[in-house]
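A.B. asks: Note that the sequence shown covers residues 1 to 415 in full-length UniProt numbering.
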Amino acid sequence: MFYAMQPLRWLYLDLNSYFASVEQQRHPHLRGKAIAVGPERIDSGTIIAASYEAKAFGIHTGMRVGEARRLCPHIIFCGGDHSHYKAYHDKIIEEVWRHIPVTHVCSIDEVACRLLDNENSPEQALALARRIKAGIRANVGECLTSSIGIAPSRLVAKIASDMQKPDGLTLIRSADLPNALLSLSLRDIPGIGAKMEARLNARGIHTMAQLLAQDPHAATASWGSVVGTRLCYALHGKDMPERPQQSRSIGHSHVIAPNIRTLETARETARRLLLKAASRLRRAECVTRHLTLHARFESRRSWHSTLKLAPTDDSFPLLEALALLWPRLAREIGAERIRVIGVTLDDIRPAIGTQLNLFDAPARPTLRIAHAMDALNEKFGRNTVTLGSVAKGRASLIGTKIAFGRIPDAAEFHE
1 MFYAMQPLRW LYLDLNSYFA SVEQQRHPHL RGKAIAVGPE RIDSGTIIAA SYEAKAFGIH
61 TGMRVGEARR LCPHIIFCGG DHSHYKAYHD KIIEEVWRHI PVTHVCSIDE VACRLLDNEN
121 SPEQALALAR RIKAGIRANV GECLTSSIGI APSRLVAKIA SDMQKPDGLT LIRSADLPNA
181 LLSLSLRDIP GIGAKMEARL NARGIHTMAQ LLAQDPHAAT ASWGSVVGTR LCYALHGKDM
241 PERPQQSRSI GHSHVIAPNI RTLETARETA RRLLLKAASR LRRAECVTRH LTLHARFESR
301 RSWHSTLKLA PTDDSFPLLE ALALLWPRLA REIGAERIRV IGVTLDDIRP AIGTQLNLFD
361 APARPTLRIA HAMDALNEKF GRNTVTLGSV AKGRASLIGT KIAFGRIPDA AEFHE
């Protein structure tokens, strides 16, 4: 038999409407009201979180601000302070640790905890989940509810955490599989997006029953890689060993407001983003060998160009490299306007043991300046000191934001 019975091994916590819940926790007058986190004055802007009161009107993450206002004229918009979201995240992680070690911080609003043999009976696991939920409400904030899934595999635990919202608790035993998943659609499974669904459909797989009927060999053929094997086992409650991953790039991008989409604004923004990336690079004690400048125009057309570098973590040569790339973008833009501008540092390696440029002095003056800037910004706040000019009010718009898949270090909010 491919899928032997497995004990309960994972507790997966998913915070409900996290960014919106933090706003309601910080501002009591927002509680019980339809709110959304997003740019209030830009109808084309995108909502990144909505309270459950707003969701009752059909508002959801990714919706345009103008559409949300049409569905719910009295909706309240919050610009959002991502440093507070990170601070509450840290408090929640600390509270979870009081009850069980956190195995994986999966995103800003999701954590996975591995259950040991002395805490993985259904009764013990459910009691543990209730203690965690109560602890977050009592010690972090009453508005911060969560949904928890408990299952033999991490993937099924994550799926279970999404089955009851808000404030849900779902336990799926090995004996409940695969029947507990049959009512789901293919797109309900993490890792199955539109393209993967189309690929499965082309192979005759349209329902969860058809997907779950596959053996590991057939699943590998459907996916075209071992990812199918891993998913196949996980959906039946068995985790395969994970391969350790190492970050090989650091990057930032920014959507420019429609009323300031000039080439100069894009250049200024790219410089600011590059300084942020360089600061992260130094904090990781790494160097980079490639800088990529990328842009997306209002027509949705994309462009990018890369420059190979001598190994560096110094803001000054990185800015010089950006200056070399910029004319390429200026020639490409034509009559279009830049909607999104971004920079990425690739081919990242540990600074220790990396051979630097022959002409780099061991103690480069510009690198010492860059480190001094890092220290000043961390001590006195973001933009205390920077390189070049930043238009009034612009720097705060380019500040650190939280992507659901990556949680910034606290120091990044000072860059």
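For glycine and all other residues, C-beta sits at the position ideal for the given N, C-alpha and C. Since the model is a prediction, treat every value here as computed from it, not as a measurement.
Measure the Cβ-Cβ separation of residue 136 and residue 144 and say whether it is below 7 Å.
C.D. replies: For residue 136 and residue 144, yes; Cβs fall inside 7 Å.
A.B. asks: Do the CB positions of residue 339 and residue 296 come within less than 7 Å of each other?
C.D. replies: Contact flag set, yes.
A.B. asks: Once DSSP output is grouped into helix, strand and coil, what is the label at residue 11?
C.D. replies: Residue 11 falls in the strand class under three-state DSSP.
A.B. asks: For the 8 Å Cβ check, are there 3 or more pairs between the stretch 190 to 199 and the stretch 45 to 54?
C.D. replies: As far as the Cβ criterion goes, the stretch 190 to 199 does not touch the stretch 45 to 54, which means the pair count is below three.
A.B. asks: Relative to the C-alpha of residue 32, which candidate in 7, 4, 74 and 8 has its C-alpha closest?
C.D. replies: The option with the nearest alpha carbon to residue 32 is 74.
A.B. asks: On the three-state DSSP scale, how would you describe residue 316?
C.D. replies: In this structure, residue 316 counts as helix in the three-state DSSP scheme.
A.B. asks: Does the Cβ-Cβ distance between residue 114 and residue 239 come in under 7 Å?
C.D. replies: Result no, Cβ atoms of residue 114 and residue 239 do not sit closer than 7 Å.
A.B. asks: If you measure between the beta carbons of residue 228 and residue 219, is that distance less than 7 Å?
C.D. replies: Contact flag set, yes.
A.B. asks: Are there 16 or more other CB atoms within 10 angstroms of the CB of residue 308, so buried, or fewer, so exposed?
C.D. replies: Residue 308 comes out exposed.
A.B. asks: As an exercise, report each continuous beta strand (DSSP E) stretch of at least 3 residues that is fully enclosed by the stretch 45 to 87, in chain order.
C.D. replies: DSSP runs (the beta strand (DSSP E)) wholly in the stretch 45 to 87: 76 to 78.
A.B. asks: Counting beta carbon pairs with one atom in the stretch 73 to 92 and one in the stretch 4 to 12, are three or more of them shorter than 8 Å?
C.D. replies: No, the stretch 4 to 12 is not in contact with the stretch 73 to 92.
A.B. asks: Compare the beta carbon distance of residue 108 and residue 102 with 7 Å and say whether it is the shorter of the two.
C.D. replies: Not closer than 7 Å, so no.
A.B. asks: Looking only at its chain, what residues have a beta carbon closer than 8 Å to the beta carbon of residue 175, apart from the 5 residues adjacent to it on each side?
C.D. replies: Taken in chain order, the residues that qualify are 5.
A.B. asks: What are the uninterrupted segments assigned as alpha helix (DSSP H) that are 4 or more residues long and contained completely in the stretch 143 to 173, given in chain order?
C.D. replies: Whole alpha helix (DSSP H) segments, 4+ residues: 154 to 161.
A.B. asks: Specify, as a first and last residue, the run of the alpha helix (DSSP H) that residue 111 falls within.
C.D. replies: Residue 111 -> not in any alpha helix (DSSP H); beta strand (DSSP E) instead, spanning 110 to 114.
A.B. asks: Anyone know if the C-beta pair for residue 341 and residue 270 falls short of 7 Å?
C.D. replies: Yes, the Cβ-Cβ distance between residue 341 and residue 270 is below 7 Å.
A.B. asks: Nearest-angstrom Cα distance between residue 45 and residue 298?
C.D. replies: Rounded to the nearest angstrom, the two C-alpha atoms are 13 Å apart.
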